[in-house]
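Worksheet: the structure to be examined is printed underneath.
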Amino acid sequence: MIRQAKYQDAESIQNLLRIFSETGKVLFRSLDDITENILSFLIYEKNNDIAGVYSLKTGWGRFVELRSLVVDPQYSNQGIGTKMVEESIKNALSTDCDTLFVLTYAVSMFARLGFRVVDKEKLPHKVWNDCNACLHQENCDETAMVISLVSMRKSSGAQILSDSAIRVV
Ligand SMILES: CC(C)(COP(=O)(O)OP(=O)(O)OC[C@H]1O[C@@H](n2cnc3c(N)ncnc32)[C@H](O)[C@@H]1OP(=O)(O)O)[C@@H](O)C(=O)NCCC(=O)NCCS
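Whatever position you read off the sequence shown (first residue = 1), add 89 for the working numbering.
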């Protein structure tokens, strides 16, 4: 089940993100940052455990970013990452943004789900302010990928996909 995160989830979210921020797979998020932005976090719950988490960041103009996507290693390769990306697309369709983007190492997974690789220069430049918090900084080797929300809304599948209970705030 995917649900909106609550304030009491903040510490668990940080613990899960820390597993991967230590190796630079995702950005480090402080507890304050997570708490302040708790409504942007979604949680994949399994057996009353937080098995996965992701966050959607708006404020990039017509772009919305999927970030902080992680799955607890004990639940990896069970399709949870895929389900969260699919749900994030539904969430993004509920905004008035044109494009959902991600900076990622999991290129094959996103390509399978309809994302395409783009030049990082195509993303809003203020995105790079966050790079100060990244271990890789100037040596960024993540791949920028996008999916067009405009095309999805036009396509026949948009009705089903936009039927998400969770709206991005
Ligand atoms: C990427 C991640 C979210 C996938 O979660 P998951 O629940 O194991 O994913 P699924 O079971 O739905 O699918 C596994 C897919 O992820 C890919 N994958 C998993 N880890 C990966 C990694 N570190 N690099 C590249 N691809 C990866 C697998 O190759 C597989 O892709 P495929 O089905 O196209 O072959 C998870 O491995 C994770 O938390 N990784 C560390 C953090 C990270 O890289 N997050 C993405 C930042 S946007």
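Even for Gly, the Cβ is constructed at its ideal location relative to N, Cα and C.
Check your understanding: Would you call the region 161-176 and the region 126-144 touching, i.e. three or more CB-CB distances under 8 Å?
Key -> Contact check between the region 161-176 and the region 126-144: three or more CB pairs, one atom from each, fall below 8 Å, which counts as touching.
Review point. Ends of the beta strand (DSSP E) at G141?
Key: D138 to W149
Practice item. Inspect the beta-carbon positions of T193 and T147 and report whether they are closer than 8 Å. Key: no
Exercise for review: For R151, collect the residues of the same chain with a Cβ closer than 6 Å to its Cβ; drop the 5 residues on either side in sequence, then sort them by chain order.
Suggested key: C186 and D187
Point to revise | Classification of R118 by the beta-carbon crowding that lies within 10 angstroms, buried from 16 upward | key: buried
Check your understanding: Considering only the beta carbon of each residue, do L131 and I91 sit closer than 8 Å?
Key -> yes
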